[in-house]
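>
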Amino acid sequence: MRMRRLGVLVATMMLATLTAGAASAQDGSVLRVARLADHFNFFHPVQFQTGNQFQWWNAVFNTLIKVESDSKTVVSDLADTWEVSEDGTQYTFNLNPDATWHDGTPFTADDVVFTINWFANNSTLDSTGALAPVYKGFQPKWGAIAGVADAVGTLDADGVTITPGTAAVSGVEKVDDHTVTITLDAVNAEFLTGLADMSNVILPAHILADATAADIETVPFTVGTPGVTVGTGPYKLTAFTPDQTVELEANADYFKGAPSIDRIVFKLFADPTQAIAQLESGDLDLAFRVPPAEFDRLAADPDLNVISAANPGVFRIFVNTTQAPWDTVENRQALAHAINKQAIVDSFYKGRAQVLYNHPGFTVYDDINKYEYDPAKAAELLATGGYAGEPFKMLYDGTFPDAGAIMPLIQADLVAAGINAELVPTDGAQSYVDMLKDRTNWDGSIAIGGSEGLSPDRSRQYYSTEALDTSTNSNYTNPQIFELWTAGVSTVDPAARDEAYHELALILNTDLPMVHLYAPDLVMVSSKALGGGFDIHLNERESFMDVETWTLEPAA
Amino acid sequence: MGAYFIRRVLIAIPVLLGITILAFLVVSMTPGDPLTARMDPETLARMQAHPEQMEALRRQYGLDQPIPVQYVKWLGGVLQGDLGYAISTGRPIAAEIGPRIGPSLMLMLLAAIVALAFGLPAGILSAVHQYGKVDYLLSTLTVLLISTPTFVLGLVAIYVFGVTLNVLPVGELYTIGKEDDLLDRLSHFVLPALILGLVNAALLMRYTRASMVEALGADYITTARSKGLSSRVVVIRHGLRNALIPVITVLAFLMPELIAGAVVTETVFNWPGLGQLSIKAAKAGDPAMMMGIVLIVGIAVLAASIVADLAYSMADPRIRFDRGR
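Residue numbers (our numbering), protein chains in the order written: chain A, 446 to 1001; chain B, -18 to 306.
#1: Taking a cut of 8 angstroms between CB atoms, which residues from the stretch 237 to 256 of chain B lie near chain A?
#2: Is it the case that the Cβ atoms of I864/A and F837/A are separated by a distance below 8 angstroms?
#3: Could you tell me whether any Cβ in chain B is nearer than 8 angstroms to the Cβ of I813/A?
#4: Taking any Cβ of chain B, which residues in the stretch 702 to 725 of chain A have a Cβ under 7 angstroms from it, in chain order?
#5: What's the gap between the Cα of P268/B and the Cα of Y155/B?
#6: Give the single residue among G(-17)/B, L122/B, Q51/B whose Cα lies nearest to the Cα of S9/B.
#7: Would you tell me roughly how many angstroms separate the C-alpha atoms of T545/A and T131/B, rounded to the nearest one?
#8: Can you tell me which of H804/A, V632/A, E692/A puts its alpha carbon nearest to the alpha carbon of L899/A?
#9: Nearest-angstrom Cα distance between R306/B and A93/B?
#10: Specify the secondary structure class of Q34/B as computed by DSSP and reduced to three states.
#11: Mind checking if R477/A is an interface residue toward chain B, Cβ cutoff 8 angstroms exclusive?
#12: Closest Cβ-Cβ distance between E662/A and chain B: below 8 angstroms?
#13: Of the residues P15/B, L97/B, T121/B, which one's Cα is nearest the Cα of A233/B?
#14: Would you mind telling me which residues of chain B sit closer than 7 angstroms to S890/A, beta carbon to beta carbon, in chain order?
#15: When the Cα of D980/A is compared with those of F793/A, A964/A, N750/A, which residue comes out closest?
#16: What three-state label does DSSP hand F487/A in the structure shown?
#17: Let me know the beta strand (DSSP E) ranges lying completely inside the stretch 889 to 960 of chain A, each 3 residues or longer, listed in chain order.
#18: So for P657/A, helix, strand or coil by DSSP?
#19: Contact defined as beta carbons within less than 8 angstroms: I believe V144/B pairs with S726/A. What is the distance between those atoms, to the nearest angstrom?
#20: For the stretch 243 to 260 of chain B against the stretch 66 to 81 of chain B, do three or more pairs of beta-carbon atoms, one drawn from each stretch, fall closer than 8 angstroms, so that the two count as touching?
#21: Check the Cβ-Cβ distances between V137/B and every residue of chain A, and say whether any is below 8 angstroms.
#22: Might you give, ordered along the chain, the residues of its own chain that have their beta carbon closer than 8 angstroms to the beta carbon of A862/A, omitting 5 neighbours on each side?
#23: Bridge partners for W995/A per DSSP, in chain order?
#24: Applying the criterion that 16 or more other CB atoms from any shown protein chain within 10 Å of the CB defines a buried residue, is S207/B buried or exposed?
#25: Compute the Euclidean distance between the alpha carbons of V282/B and S107/B, then round it to the nearest angstrom.
#26: Taking C-beta pairs closer than 8 angstroms, name the residues in chain B that V668/A reaches, listed in chain order.
#27: Apply the 10 Å Cβ neighbour rule to Q29/B and answer buried if 16 or more other Cβ atoms are within range, or exposed otherwise.
#28: Please tell me whether F487/A and Q498/A are closer than 8 angstroms, where the distance is taken between their beta carbons.
#29: Examine chain A for any beta-carbon lying closer than 8 angstroms to the beta-carbon of E23/B, and answer yes or no.
#30: How many Å lie between G678/A and K701/A at the Cα?
#31: Under 8 angstroms between the Cβ atoms of T189/B and L91/B?
#32: For K973/A, is the classification buried or exposed, using 16 other Cβ atoms within 10 angstroms of its Cβ as the cut-off for buried?
#33: Does S896/A have its Cβ less than 8 angstroms from a Cβ in chain B?
#34: Taking DSSP as the reference, what is the three-state secondary structure of M20/B?
#35: Helix or strand or just coil, what does DSSP make of F234/B?
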């Protein structure tokens, strides 16, 4: 008897396998997309940690403004137009009156006010007075708004539970149903462009009003529930199978006009090989971040367009500037001259990478020292710096892809120039972070990734105002650099900003606390049937910002 | 019979407990941290700048407790039917594992059928024509299948049948746009089940062949032949029935082989099953998720070994009657 019931259970599970997803069968055009990088299965910015989420959310949600494919020019989104006050601290956004949530509820300024207040009320201040934001991943611009610090909640005695604050953020004001004013603490030239990042997504007050920090990660809206996870965007969520697919359907009432493609399915792959096979067999129309090694083969496929794009994340060496002999600038400069960056780009990346000369995001000014590959010059500088053969221990997370191939190349170059380079790989991210704290463990640490390439301001976080602050990656400190970084954002005049950044670039270029190596290209592949307004953004995560303008030719 | 079954089940419980303790120890010793493993460098830099906030995050997930405490908490939860929450999705782990059991089960069942359908007859043929041309051909084929890694076989199959010839799908459960096409869905099973099945067929073939050869050399076979029975009756009714007894034991080992093989097969074919989930859990370093999978797989393997024991005692009357005493 029990066996029969077990048999029925087993049979039901198998039947479910054969019918999974059948409910979404439809006619019409369907765009199948894959982004071959990590993803988190959340639909709320409290857990916004990956570029994949950025893409899904661009189709489902909106922010106040968007950017064009250069990732810098600001265009309207939920805000039709906006005005900035004389002193540059106050922004007035005029919201589009036609925008509605996918469940039919009209979108109003209340939703903007709610989003910002919820963020403030559920964040807290840590013991140093810094904002401990409730969003765990990428941070929104809301922290720069005046009055946020007064509206925060408090951390309970157990150190885990947060009692939400009740005060409204003074810097946000609803003027009327379609107008909202935001006042910042100080002028911030990056505020407006920063709003295009999906951590600033505007959330529905009527759905999330009762959620708090304690349950926000598990409420139906956040985990992806069709009908509850509503946005104002061109596509509605129709199905979400975590780690497998995100299925969207066109929103005919979209305030910028109904999209042309009927359905979008984001496929999540654990392994890029499947995705590449599917591109070739015609089961995938668009893929981001395909390994550069596949470029040539895919480019030969007559049905595919293959594009190589710049990567805003980079490969660099942070030098321990407080430990002899690397506290002497000539020795650091010798490091830069000793490494043949172009050779690594050519041999390992087959040319599909950009050599870097300074922090990406900064213009490569004419008076920047490019530290060309010159082992003789390196030797000379070592002599000037009084280098006596001390080890240069390079600490890095041994699990990052290609570590095993690239690090020995760098070591070989350094050794050839007379530098006693040692490799110290760790067995994971945590041990890397732990070993980083003890400054005697390393002379150089390798860090990869980030998105410094998007703006000069994004490099600031890697430096600290105190030299031996174990919290940041670089020991280098110089009060002048922080003055210049602040100067760069506290004015909107492009000429003044460029002047500050130019000076900053020169200081960092001369003192060389970091040796920048290269930024590997990203490869995007699209089917030739994809057209209309389709374009890859400089920040490829943003590419879905105008998805409603794309067209897909029917399969032959 | 009933008492034997109950005794086996009772013994299995402490075994399962032991498995979970061992697994928990291994999982907690693995390098990597579920919190920082997948953090963007910018987020990591921010967290490093505010160590207090990092600690608060750790406390929230219960990762600041000593290991025995974490284990007891986990066990307590399991006994109440709560497998915990996955760090990377915020969803209950039971909800993560549940929908994946069906696809994995179907895949393993079909692979088992393939393994039996190819392995048994091949083993019998080889044994009957021992040292003949058929035997050498089949033996070479099986050695080839056993020594080629599953992912190589899978990738070759994908590229030959899926991309170049374009006759079979390259992976997953269904084709988008053809969700209600049953034939399409069945076609998605073909390659993964074949790959996983053929490797195990090769293993099964070798055991069957060895067992058959031994059985066919026994005295009672000579007696049967001298009685004038046809070759077919001798081989099947007298030889095979006895040869199958040790093969049943091997079939019990087929289950863990299929599970282990499924991990690779599911990754290659992007199959949404437990194997793929276990890789995901390992990469994320999520202890609760990994323990959930160990629990399910542990139960499955123990159940299979109990079933095999019962089948064995049913097939061999000597065992059944011996126990009676």
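Where a beta carbon is used, it is the ideal one built from N, C-alpha and C, also for glycine.
Concretely, from the data shown:
#1: T248, V249, F250, N251, P253
#2: Between I864/A and F837/A, the C-beta spacing is below 8 angstroms.
#3: no
#4: V710, F714, A715, D716, T718, Q719, A722, Q723, E725
#5: 31 angstroms
#6: Q51/B
#7: Straight across, the Cα-Cα distance linking T545/A with T131/B is about 51 angstroms.
#8: H804/A
#9: Only weak support is given to the placement of R306/B: the predicted model assigns it a pLDDT of 47, under 50, and the question is left unresolved by the model.
#10: helix
#11: yes
#12: Yes, E662/A counts as interfacial toward chain B.
#13: Selection P15/B, L97/B, T121/B evaluated against A233/B yields L97/B as nearest (Cα-Cα).
#14: Under the 7 angstroms cutoff, chain B gives no residues; its nearest Cβ is about 12 angstroms from S890/A.
#15: N750/A
#16: coil
#17: 889 to 894
#18: Residue 657/A is actually Thr in this sequence, not Pro. Three-state result, T657/A: coil.
#19: Distance from V144/B to S726/A at the Cβ level is roughly 5 angstroms; contact confirmed, criterion being Cβ atoms closer than 8 angstroms.
#20: yes
#21: no
#22: A779, H782, A783, P820, A823, A824, L827
#23: G977/A
#24: exposed
#25: 30 angstroms
#26: T70, G71, R72
#27: buried
#28: yes
#29: Answer yes: the Cβ-Cβ gap between E23/B and chain A drops below 8 angstroms somewhere.
#30: 9 angstroms
#31: Not in contact: T189/B and L91/B (Cβ atoms no closer than 8 angstroms).
#32: exposed
#33: At least one chain B Cβ lies under 8 angstroms of S896/A.
#34: coil
#35: helix
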